[in-house]
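Structure first, then comments.
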Amino acid sequence: MTKMVRFLAAATLLTLAAGCSSSNTSTGTTNASDVSTQPTQPADSATPTAGATINVPADVATIQGAVDKAKPGDLILIQPGVYKEAVTVETENLTIRGIDRNTTILDGNFELNNGIKVVGANGVAIENLTARNYTKNGFFWTGVTGYRGSYLTAFRNGDYGIYAFLSYKGQLEHSYGAGSPDAGFYIGGCYPCDALINDVTSEYNGLGYSGTNAGGNLVIANSIFRFNRAGVVPNSGSYELCYPERATTVVGNTVYSNNQPDTPAIDVSLLAMGNGILVAGGVNNNIERNLVFDHDKTGVGLVPFLEQDPNDAEPSQDTWDRACADTENDPAPDPSTVPAAVLWSPFNNRVIGNVLENNRVADIAVDTVDVDLSTLGNCFSGNTFKTSAPLDLEKLGPCDAAGNGGDWTAGSLNVISWLADVHPPSQDYKTSSPEPPSQANMPDAATAPARPATDVPEKIDVAAIKVPAKPAP
Amino acid sequence: MTNISKRICLAVSATLVAIAATGCAPDPSDAPTASQSAVAVTNAPDVVKTGVVVRVTVIDNNFRPKKSTAKVGDTVTFVNKGKNDHNVLPKTGTDWGTDVNGLKPGESYSYVFSKPGVYPYYCSIHGTTKVGMVGTITVAE
């Protein structure tokens, strides 16, 4: 059987898998102006100046109204209440903050698409709020330079919880994402991203983190990814621009029990199920000093991603370092040059110093299809582990040293067999995730001054981050 | 049959059997339909169609190409080849475009423009009329 025929056979399986993940049903969109907020009378008397504070609902009844009135540098301060709005932000350098994270709630009522959508407005910070029950995303930045999400809770949203796309210089921190069929946290379509995810918890999603075609000074650190179908999944694909995924650092995270059978899940979440950190066709990533345990498949797996009916051919390696900004105006590919399927293989990833246990297929693993694994440039050193696929992986492909020349086919992961796996089907995102526990509030939310996202990401000492301690049962 | 062929065939068979056994077959309401794949054209019947199809690929979160050209009577087809839902809404008016729920992955929408002009459009999920996921079709005589 030729490689292409094998691809197509696998593509058929992917299609079947996709047909099982139909939880993401839209229910319509209502303009923010069409809905009312629970808090009471608008004053609408504030005429803010730069650096002013606009109180919702005391000054303006709705969050959207406050955003529309605000000028760059302003602080929008929102009292507790349930705000049934879909807010669009097009003004730069705003700070949008709730007084109480757990009781200042944007609610889409399964009708509105995005809780807060920041489009082309640089430097917008969103703080201390909850977004729930949106058909698409809780908090969403797109096409911006400078963004920050701090002390946010996003749950029961139909695509992503907290989402940054085609955006640069960002930070997501002290936040919580749950109950999304795609990912609780997502950064995609940026290179170099210059972004940091720090101290977040992501659970009961299809994927804890997904990052398609993202990377370049992108650090995911000090966070918890648990009880998802799969934990942390950097991935490549031509269904977004700026491929492949590359140069993400995943460090100091606690990643465990990502075998959750009753979450909402898109097709790739089902395929990735049972893995802790799964690099799916990504390149040049650093996976370091994470604690990864209790997975049905791999703790850290470097695997191919098969994309059926792609939009482009796989880019040549000499283009991997092209900035996304340079590729945005590339002409659409000639359809005659696009193959029936693309297999994105993992290249040049470094897996170092992780502590892994009870990952039942293999603690560390690498595989692809029809390519000699020894030629991919992936390496493994200093990990604490019991099992690997292939066998003796740290001796076959150590980092910064020559391998032992052993057999890369012995004890193969056999990733093709995953396509035959049967997973519990996607559950309805509207009903499947538990209510989140109360989350920590931003300190001094009522009095802290505005802080637009003009100073992110903060620099963190990645080298100083240690393997986390195991959480209490 | 090679060993790898046998493995693939076994994998396919196992998956099909398992899907049947678990009731995980796609819901008929969610499965791509003949009309979706055949592309229903929604505009008025008095347009003389040229038979030419101008394709706009919808990915996450861009229209590709962003700027397209067509002639009166050409069929402009938007195909969602992303992983997320997208809609196609005219910047002004409601004469054409999808509804706000838009296209699920794999679905498509077509329209035949009957008048020349510049037709800007956008996805309201991932953009606004001005920025984000936007595009333009220029229709000539």
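Sequence order for the protein chains is A and B.
Take 1076 as the starting number for the first sequence in the numbering used here and just add one per residue.
Take 497 as the starting number for the second sequence in the numbering used here and just add one per residue.
Don't be surprised by glycine CBs; every beta carbon is placed ideally from N, CA and C.
This structure is a prediction, so every number in the text was calculated from the model and none was measured.
Buried or exposed for residue i, going by 16 or more other Cβ atoms inside 10 Å?
i, result
"A/G1195", "buried"
"A/N1489", "exposed"
"A/A1539", "exposed"
"A/S1108", "A caution first: A/S1108 carries a pLDDT of 30, below 50, which makes its placement in the model too unreliable to give a value."
"B/V548", "exposed"
"A/R1223", "buried"
"A/K1372", "buried"
"A/E1248", "buried"
"A/A1476", "exposed"
"A/P1465", "buried"
"A/N1479", "exposed"
"B/A534", "Confidence in B/A534 is poor, its pLDDT being 39 and thus under 50, which makes the residue's placement unreliable; the coordinate value appears in the next sentence. Answer is exposed; the Cβ neighbour count stays below 16."
"A/V1426", "buried"
"A/A1398", "exposed"
"A/T1122", "The pLDDT assigned to A/T1122 is 42, lower than 50, so where the model puts this residue is not dependable; a value taken from the coordinates is nonetheless given after this. Flag for A/T1122 reads exposed."
"A/Q1502", "buried"
"A/G1457", "exposed"
"B/V638", "The displayed coordinates of chain B run from 497 to 637. Any statement about residue 638 of chain B would go beyond what the structure contains."
"A/S1250", "buried"
"A/V1307", "buried"
"A/P1548", "exposed"
"A/Q1246", "buried"
"A/P1546", "exposed"
"A/T1163", "buried"
"B/V614", "exposed"
Identify which residue in the options has its Cα closest to the Cα of residue i.
i, options, result
"B/T624", "A/E1165, A/V1307, A/L1169, A/R1223", "A/E1165"
"A/N1453", "A/V1413, A/D1182, A/V1375, A/V1142", "A/V1375"
"A/N1197", "A/L1241, A/R1425, A/T1205, A/T1324", "A/L1241"
"A/A1440", "A/G1236, A/L1468, A/P1414", "A/L1468"
"B/N597", "B/G569, B/E637, B/F559, B/L585", "B/L585"
"A/H1498", "A/A1347, A/H1370, A/V1413, A/E1510", "A/A1347"
"A/V1446", "A/A1437, A/S1420, A/K1461, A/S1344", "A/S1420"
"A/N1350", "A/V1436, A/G1327, A/N1424", "A/V1436"
"B/R556", "B/V550, B/V575, B/P616", "Reading off the sequence, residue 556 of chain B comes out as Asp, not Arg. Among B/V550, B/V575, B/P616, the Cα nearest to that of B/D556 is on B/V575."
"A/E1315", "B/V554, B/T546, B/V627, B/V630", "B/V554"
"A/G1221", "A/N1516, A/D1530, A/A1544", "A/D1530"
"A/T1228", "A/A1495, A/Y1243, A/P1319, A/G1190", "A/G1190"
"A/P1385", "A/P1408, A/S1391, A/T1394, A/D1393", "A/P1408"
"A/A1200", "A/I1171, A/G1283, A/Y1209", "A/I1171"
"A/A1206", "A/E1167, A/G1218, A/D1182, A/G1356", "A/D1182"
"A/S1255", "A/D1387, A/K1461, A/T1128, A/D1342", "A/D1342"
"A/W1216", "A/E1202, A/N1208, A/Q1514, A/I1237", "A/I1237"
"B/G602", "B/V552, B/G578, B/T632", "B/G578"
"A/I1151", "A/E1160, A/N1328, A/Y1158, A/I1138", "A/I1138"
"B/I633", "B/Y617, B/V627, B/I621", "B/Y617"
Listing by chain order, which chain A residues have their CB less than 7 Å from the CB of residue i?
i, result
"B/D556", "Y1314, E1315"
Mind listing the chain B neighbours of residue i? Cutoff is C-beta to C-beta under 7 Å, in chain order.
i, result
"A/V1194", "G623, T624, V627, G628"
"A/N1188", "I621"
"A/D1530", "None at all; the shortest Cβ gap to chain B is about 24 Å."
Strictly below 9 Å CB to CB, what residues from chain B border residue i?
i, result
"A/T1217", "N557, H622, G623, V627, G628, M629"
"A/E1165", "T624, K626, V627"
"A/K1211", "N580, D581, I621, H622"
"A/D1371", "Chain B residues near A/D1371: none, gap ~16 Å exceeds 9 Å."
For residue i, go through chain B and note every residue whose CB falls closer than 8 Å to its CB, in chain order.
i, result
"A/I1341", "K579"
"A/A1407", "T553, R560, P561"
"A/F1240", "D556, N557, H622"
Could you check if residue i belongs to the surroundings of the ligand FAD, using beta carbon to heavy atom distance under 8 Å?
i, result
"A/Y1504", "Because no ligand of any kind appears in the structure shown, any question about the ligand FAD cannot be addressed here."
Which residues, in order along the stretch 585-609 of chain B, keep a beta-carbon less than 9 Å from a beta-carbon of chain A?
-> D595, V596, N597, G598, K600, P601, G602
The stretch 1375-1387 of chain A contacting the stretch 1352-1363 of chain A, beta-carbon criterion three pairs below 8 Å | yes
Between the stretch 1384-1404 of chain A and the stretch 1431-1448 of chain A, do three or more beta carbon pairs fall short of 8 Å?
-> no
Between the stretch 1306-1326 of chain A and the stretch 1406-1426 of chain A, are three or more C-beta pairs nearer than 8 Å?
-> yes
Touching by the beta-carbon criterion (3+ pairs, under 8 Å), the stretch 555-572 of chain B and the stretch 605-618 of chain B = yes
Count the CB pairs spanning the stretch 1334-1343 of chain A and the stretch 1275-1291 of chain A that are closer than 8 Å, and state whether there are at least three.
-> yes
Spell out a yes or no on whether the stretch 1530-1547 of chain A and the stretch 1165-1181 of chain A are touching, meaning 3 or more CB-CB pairs, one atom from each, closer than 8 Å.
-> no
Validate contact between the stretch 1126-1136 of chain A and the stretch 1500-1515 of chain A using beta carbons, cut 8 Å, 3 pairs = no
Taking 8 Å as the threshold, find out whether the stretch 1284-1295 of chain A comes into contact with the stretch 1517-1529 of chain A through three or more Cβ pairs.
-> no
Quick one, which residues of the stretch 1225-1249 of chain A are near chain B if we go by CB-CB under 8 Å, in chain order?
-> D1234, F1240, L1241
Interfacial residues, the stretch 1372-1402 of chain A to chain B, with Cβ spacing under 9 Å = D1384, P1385, N1386
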